[in-house]
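Q: Residue numbers (the numbering used here), protein chains in the order written: chain A, 145 to 312; chain B, 288 to 728. Glycine residues also receive a C-beta, built at the ideal position from the N, C-alpha and C atoms.
Here's what the structure looks like:
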């Protein structure tokens, strides 16, 4: 079961999240219609691992781009005016483009991996969280903790508190 | 930022989603017209050309490149401001970007698609176009990566992929808003499109990082794409093409025409989708100032091109230059200078910069000038190669003129379809520009 508290004001929502966190509730989700740095700070979200995906993609792209161009030149040997078979300047352009292509594709992969999207099962959600409401979701609370979580959410100024069943 | 007072978060959802979910007869009429024009002016002449061969176009032995390639450069150029401007303004954290970037990015995508169509029209036997991709095949064919045309294939494919991902990722939270506001099949589709987005802090955090990395990748990519397009010309030894200044010249021209294109698109969004509340004077003013700056840089590079040719003194180059300035196409050259170097100076006056109608006229004139510029580069250089026996003229045929007109209809059609599938203004980013509601207010 999950407890969902809906807030009209951003400041109340952040205050509820901070109080829940300091009271030992770790399994909380903060839903908002726009990105809020304060909410991310409450959850302690620092540098995202997405940057590692971007770097890895760029490196793989650079290596494969040069390998593709140089490999083609070695397989289909085309001597031109006594120049080298593996000609660096034009191949750097192919390398550059492939670096970016793979960087972008791996960043996309990283986004999906880190954010857990696509979501394969239903999770607690309110459509108003995508319009003008801020929602705190406390998941996995023990029976004796439910009342305490509710009290914290209510004290912070929630408009509405509801309980929802969560697919395990 | 807002000319008509600050809307609420709910207003933002309602105003923007209503342009997608409510469709009046005017939209269908516009879509029907643009599709018909695209079919009659673009696809029918193209089919005709496929039957009779590329001889249907006005290209000849001296001028083997014509309007198709000049249009290709124009559309690639028009694509430039969307994603590039969006990425640069995202990295510099400029708030005025937020209301206009989605449509600007869409402009990039559809301009690129239109440009790619011109390559297919130009090559003639379009059914062999896949030979230009490095796809393993039983014929042992493989592209030559030393060719600037292959640089083009790699750059444009990468740009199209990156731009599509950039616009899609920025739209995921808005797709969730569409999902929540719709029913039936549309709801099911947008459930898939939005990946089950809930707007959790973790999702926003990851999207923010990923989006910043996309922007970091896209900026050098956009610069490289038009540099590479310029090398299609500059890496040849043709007088009028062989200039080291070509890469910055093309990039500057691309951003210039793209920014003018954004002004035109913003005017249409305000006029036809009633976005006056969100696209205001601050956007027009900022775009106007950007256009003046780009116009001055563009004019400087043009003067530099003339100077370096004169100073170099190579007879072939001087001949090609004189043909451009005083020859058969001179009226077009001076029209380009008028529209791209002098007319934009009017924007120095705030009264003009703040008028949507006047800015629309200027932006259209700039793009007519830029279309002419690309035509002049192609049409005045190739038929003026070295010796008089290689001299000739290139005049576009009716097929080429018709396909050029049709390409604008293709772009319009794609954009009209886009505004019914993707919110034309980013809902969540507009919300970021609003002052948050406070209990004590």
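Please state if the CB of residue 262 of chain A and the CB of residue 482 of chain B are separated by a distance shorter than 9 Å.
A: Locating residue 482 of chain B in the second chain gives position 195, where the first residue counts as 1. Locating residue 262 of chain A in the first chain gives position 118, where the first residue counts as 1. Yes; because the gap between Cβ atoms is below 9 Å, this pair is in contact.
Q: In chain order, which continuous runs of the beta strand (DSSP E) of length 3 or greater are located wholly inside the segment 154–239 of chain A?
A: For the segment 154–239 of chain A, whole beta strand (DSSP E) runs of length 3 or above, ordered along the chain, are 172–175.
Q: Considering only the alpha carbon of each residue, which of B/683, B/705 and B/697 lies closest to residue 352 of chain B?
A: Within the second chain, residue 352 of chain B is the residue found at index 65, counting from 1. Among B/683, B/705 and B/697, the Cα nearest to that of residue 352 of chain B is on B/683.
Q: Is there a C-beta anywhere in chain A that falls below 9 Å from the one on residue 604 of chain B?
A: Position 317 of the second chain, counting from 1, holds the residue named residue 604 of chain B. Residue 604 of chain B does not count as touching chain A.
Q: Can you determine whether any heavy atom of the ligand GTP sits closer than 8 Å to the C-beta of residue 306 of chain A, and answer yes or no?
A: Although the ligand GTP was asked about, the structure shown includes no ligands whatsoever.
Q: Just the Cα atoms here: how many angstroms apart are residue 460 of chain B and residue 312 of chain B?
A: By 1-based counting over the second chain, the position of residue 460 of chain B is 173. By 1-based counting over the second chain, the position of residue 312 of chain B is 25. Computed Cα separation, rounded: 29 Å.
Q: Can you list the residues of chain A that residue 296 of chain B reaches, using a CB-CB cut of under 9 Å?
A: The count along the second chain starts at 1 and reaches residue 296 of chain B at position 9. Correct list: 177, 178, 275, 276 and 277.
Q: Given a threshold of 16 other Cβ atoms within 10 Å of its Cβ, counted over all protein chains shown, does residue 177 of chain A qualify as buried or as exposed?
A: If you number the first chain from 1, residue 177 of chain A lands on position 33. Counting Cβ neighbours within 10 Å, residue 177 of chain A comes out buried, since at least 16 surround it.
Q: Classify residue 696 of chain B as helix, strand or coil using the three-state DSSP reduction.
A: As a working note, residue 696 of chain B is residue 409 in the second chain. In the structure shown, residue 696 of chain B sits in a helix (DSSP, three-state: H, G or I).
Q: With three or more beta-carbon pairs closer than 8 Å as the criterion, would you say the segment 436–450 of chain B touches the segment 501–521 of chain B?
A: Touching, yes, given that three or more Cβ pairs across the two stretches are closer than 8 Å.
Q: Three-state secondary structure (DSSP) at residue 386 of chain B?
A: Numbered from 1 along the second chain, position 99 holds the residue referred to as residue 386 of chain B. It is coil, neither helix nor strand.
Q: Under 7 Å, CB to CB, which of the residues in the segment 701–722 of chain B have a partner in chain A?
A: Cβ contacts with chain A: 715, 718 and 719.
Q: Which one or two residues does DSSP pair with residue 304 of chain A in a beta bridge?
A: Stepping through the first chain from its first residue, residue 304 of chain A is reached at position 160. Residue 304 of chain A pairs with A/150.
Q: Leaving out the 5 sequence neighbours to the left and right, which residues in its chain are closer than 7 Å to residue 375 of chain B when beta-carbon positions are compared?
A: If you number the second chain from 1, residue 375 of chain B lands on position 88. Within the same chain, residue 375 of chain B has close Cβ partners 506.
Q: Looking at chain B, which residues of the segment 216–241 of chain A have a Cβ within less than 8 Å of any of its Cβ atoms?
A: So the list reads 216, 217, 219, 220, 222, 224, 231, 234, 235, 237, 238, 240 and 241, given in the order they occur along the chain.
Q: Measure how close the beta-carbons of residue 551 of chain B and residue 650 of chain B come, nearest whole angstrom, since I'm counting them as under 8 Å.
A: If you number the second chain from 1, residue 551 of chain B lands on position 264. If you number the second chain from 1, residue 650 of chain B lands on position 363. At roughly 5 Å, the Cβ-Cβ gap stays under 8 Å, so residue 551 of chain B and residue 650 of chain B are in contact.
Q: Could you list which residues in chain B have their beta carbon closer than 8 Å to that of residue 247 of chain A, in chain order?
A: Counted from its first residue, the first chain places residue 247 of chain A at position 103. Here the neighbours are 500 and 504.
Q: Please name the residues in the segment 425–447 of chain B whose beta-carbon is closer than 7 Å to at least one beta-carbon of chain D, in chain order.
A: Although the question refers to chain D, the structure presented lacks it and instead comprises the protein chains A and B.
Q: In chain A, what lies closer than 7 Å to residue 484 of chain B by C-beta?
A: For the purposes of this step, residue 484 of chain B is identified with residue 197 of the second chain, where counting begins at 1. Ordered by position in chain A, the residues that pass the 7 Å Cβ test against residue 484 of chain B are 261.
Q: Within the continuous alpha helix (DSSP H) that includes residue 279 of chain A, where are the two ends?
A: Walking along the first chain from the start, residue 279 of chain A turns up at place 135. From DSSP, residue 279 of chain A is part of no alpha helix (DSSP H) but of the beta strand (DSSP E) over 278–283.
Q: With a threshold of 9 Å between beta carbons, is residue 186 of chain A in contact with chain B?
A: Locating residue 186 of chain A in the first chain gives position 42, counting from the first residue. It does: the Cβ of residue 186 of chain A has a partner Cβ on chain B nearer than 9 Å.
Q: To which residues does DSSP link residue 671 of chain B through a beta bridge?
A: Position 384 of the second chain, counted from the start, is the residue given in the question as residue 671 of chain B. In the DSSP output, where bridge partners are listed per residue, residue 671 of chain B has B/678.
Q: Beta-carbon separation of residue 98 of chain A and residue 290 of chain A under 9 Å?
A: This structure gives no information on residue 98 of chain A, because the portion of chain A shown stretches from 145 to 312.
Q: What would DSSP say about residue 487 of chain B, mapped onto helix, strand or coil?
A: Taking the first residue of the second chain as 1, we reach residue 487 of chain B at position 200. In this structure, residue 487 of chain B counts as strand in the three-state DSSP scheme.
Q: Whose C-beta lies closer than 7 Å to the C-beta of residue 276 of chain A among residues of the same chain, with five residues either side of it excluded?
A: The residue you call residue 276 of chain A lines up with position 132 of the first chain. Taken in chain order, the residues that qualify are 177.
Q: Which bits of chain B does residue 156 of chain A rub up against, with CB to CB less than 9 Å?
A: Your numbering for residue 156 of chain A matches position 12 in the first chain. Per Cβ cutoff of 9 Å: 726.
Q: Since residue 301 of chain B is in the alpha helix (DSSP H), which residue starts that stretch and which ends it?
A: Locating residue 301 of chain B in the second chain gives position 14, where the first residue counts as 1. Element bounds for residue 301 of chain B: 296–308.
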